[in-house]
Each structure stands twice: as structure tokens, then as C-alpha cells.
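In the UniProt record's numbering, the protein residues as written are 1 to 78.
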């Protein structure tokens, strides 16, 4: 039997039941720091021709400091 607090109602559709979570999950998203091409307003994609600006280096360092004491089960990078 699904408890009321385990249901999610849609106004348009019916009710969808979700299984209870066994533990809280956390997802961390980190974007790269500013690159020279970002600063110029250029789209860079996955090019290696652009490097981080001083601001981008500082942003990367801030991200490192924020995540340094965290542990992760899995990490995806592109």
C-alpha cells in the first residue's frame, strides 16, 4: 500500500507512486571557469585553443575549495 506522502499528483493526469527513498541523494554540478573565448563571447565547444582567464582560474580554485572535503560515489566529466 502506498502512503499519501509517497504520491505525486498531476493536475492534468493521474497519480504517480514513487518508492520511498532509502537515503538522501545529492547531485553536484560544476561548470568550468571563464575561458579566454568565454570572455570574448565566442562559442568554444570542446576546443583546446582557449585557456582559463585569471577570473576562470579563481573560479576553479573556489570550486576546488568548496568540494575539497566532499566525497563522491561517482564523477562524470567532459
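Glycine included, each C-beta is placed from N, C-alpha and C at the ideal position.
Quick caveat, the model's predicted, so the values are computed rather than measured.
The bridge partners DSSP lists for residue 63 come to none. Beta-bridge partners assigned by DSSP to residue 52: 35. When DSSP states are grouped into helix, strand and coil, residue 40 belongs to the coil group. The beta carbon of residue 34 sits closer than 8 Å to those of 52, 53, 55, 56, 59, all from its chain and outside the five residues before and after it, given in chain order.
With contacts defined as CB atoms closer than 8 Å, residue 36 and residue 50 qualify as a contacting pair.
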